[in-house]
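In full-length UniProt numbering, the protein residues as written are 1 to 383.
Quick look at the structure:
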């Protein structure tokens, strides 16, 4: 058992997460009692709200964690084997939180099971749910293999996990990209964009896990850990740099030609309803400040962790803005009679509490696993 269980801060952390889970359970119960129409602010015009954005955020974070982990026990970069167990465990918990978010977004969560049992092979949503369901099973077996030091099984499941870590966010991106009626989403950009952001989220998460693993135990980082955090920081900086160019060209394409249904959502991001989210949340907090921190020659593990935290916050804003912006432009302008030509959406208290609960679940379960499981890897074996 870890010594962190004896610290008051640990009890406070568990108490805070427990309160978040209780509040989320209350919000979910309330939504089932009064109906989603009363509890949630989604509507006919904007049917996908913050819960779908949270699902996307957690699901692609899972894929990013798996991709980073695979560098160790699949591709043989031994530095990354130090984080394999933690990365795969956190990937499992992120995916479970994602399933919770999308399940509670449905008025009847058991429809998820019905959807899997009555396949529609032409539906991107069916493929997304099926692939992520299989993916979760692969991750569980991979984690078991890592915990039992079954190297052959870990290589097999790790290789499968790597393939699914590419396929799953690609299919998720295609759910948006194949939507012809939503020009803001439509196109081949979305699946690639989702994979890039998955790598940003996954790398940022594992950096934070490494840092706080040492911080809460008051442990000094050895040179091996510092070297790994520096390497992860470089990967994160590269992914953020690529993402900046992706965002830039996505905006340029939206502005060029002023295509109806694409131009209006882009303008909502630049100067309209979502401009604060875009400029402050995505650009400044999520991209510019983290990149500046990571490019410093004298950066420390703390500054790398702060860059990761800010990048994660920015990734959540990106998922929210991507989900909402694509729905703001109405499919039939005359039918709705909107003053500014765009729908509006802001999450309700119930939605916000459920989102907090999904994030708290992943954090609570991971913290508990750190206390109960041996997640450290034999350093001599991988040095």
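Ideal Cβ placement from N, Cα and C applies to all residues, glycine included.
Please read all numbers here as calculations on a predicted model, not as lab measurements.
Cβ shell of residue i (< 6 Å), same chain only, five flanking positions each side left out
i           : result
residue 39  : 30, 31 and 350
residue 94  : 58, 61, 62 and 362
residue 383 : Unreliable placement is indicated for residue 383, whose pLDDT of 47 sits below 50; no coordinate value is reported for it.
residue 1   : Residue confidence for residue 1 is low, a pLDDT of 42 falling below 50, so the modelled location carries little weight; the figure read from the coordinates is stated next. Here the set comprises nothing.
residue 3   : At residue 3 the pLDDT is 47, less than 50, meaning the model places this residue with poor confidence and gives no usable figure here.
residue 80  : 71 and 72
residue 66  : 91, 161 and 165
residue 348 : 40 and 41
residue 136 : 95
residue 36  : 107
residue 128 : 171, 172 and 175
residue 43  : none
Alpha helix (DSSP H) segment containing residue i, residue limits
i           : result
residue 395 : Beyond the ends of the chain as shown, which are 1 and 383, falls residue 395; an answer cannot be given.
residue 127 : 124-147
residue 155 : 151-177
residue 31  : 8-34
residue 220 : Run containing residue 220: none; DSSP gives neither H nor E here.
residue 366 : 349-372
Beta-carbon separation (whole angstroms), residue i vs residue j, contact threshold 8 Å
i           : j           : result
residue 320 : residue 277 : 7 Å
residue 164 : residue 195 : That pair is no contact at about 12 Å.
residue 345 : residue 56  : Not quite, the Cβ-Cβ distance comes to about 16 Å (not below 8 Å), so this is no contact.
residue 236 : residue 160 : With 8 Å as the limit, residue 236 and residue 160 do not qualify as a contact, their Cβ atoms being about 26 Å apart.
residue 53  : residue 323 : 4 Å
residue 317 : residue 281 : 3 Å
8 Å Cβ shell around residue i - same chain, five flanking residues per side excluded
i           : result
residue 380 : Confidence in residue 380 is poor, its pLDDT being 47 and thus under 50, which makes the residue's placement too unreliable to answer from.
residue 384 : One cannot answer for residue 384 here, as it falls past the ends of the chain, which runs 1 to 383.
residue 327 : 45, 46, 47, 48, 182, 343 and 345
residue 415 : Any answer about residue 415 is impossible in this case: the structure gives the chain only from 1 up to 383.
residue 143 : 85, 88, 89 and 92
residue 228 : 79, 80, 82, 83 and 210
residue 76  : none
Chain-order list of residues whose beta-carbon lies under 7 Å from that of residue i (same chain, five-residue window excluded)
i           : result
residue 126 : 115, 119 and 120
residue 20  : 356, 357 and 360
residue 365 : 93
residue 291 : 237, 240 and 241
residue 331 : 181
residue 311 : 200, 204, 236, 240, 286 and 290
residue 315 : 57, 197, 200, 201 and 286
residue 269 : 275, 278, 321 and 325
residue 255 : 263 and 266
residue 188 : 177
Report yes or no: do three or more beta-carbon pairs, one from the stretch 71-83 and one from the stretch 338-345, lie closer than 8 Å?
As far as the Cβ criterion goes, the stretch 71-83 does not touch the stretch 338-345, which means the pair count is below three.
Are three or more beta carbon pairs between the stretch 211-227 and the stretch 301-321 nearer than 8 Å?
In short, these stretches touch, since the Cβ pair count reaches three.
Within the chosen definition, does the stretch 238-255 reach the stretch 216-224 through at least 3 CB pairs nearer than 8 Å?
Taking a cut-off of 8 Å on C-beta distances, the stretch 238-255 does not touch the stretch 216-224, as fewer than three cross pairs fall below it.
4 or more residues per run - each alpha helix (DSSP H) lying fully within the stretch 62-122
List check, alpha helix (DSSP H) in window: 84-105 and 111-117.
Quick check on the DSSP output: what are the complete alpha helix (DSSP H) runs of length 4 or more inside the stretch 180-217, in order along the chain?
As for any alpha helix (DSSP H) of minimum length 4 sitting wholly inside the stretch 180-217, the runs are 189-215, ordered along the chain.
Within the stretch 251-321, note down every full beta strand (DSSP E) run reaching 3 residues or more, in order along the chain.
Runs found: none.
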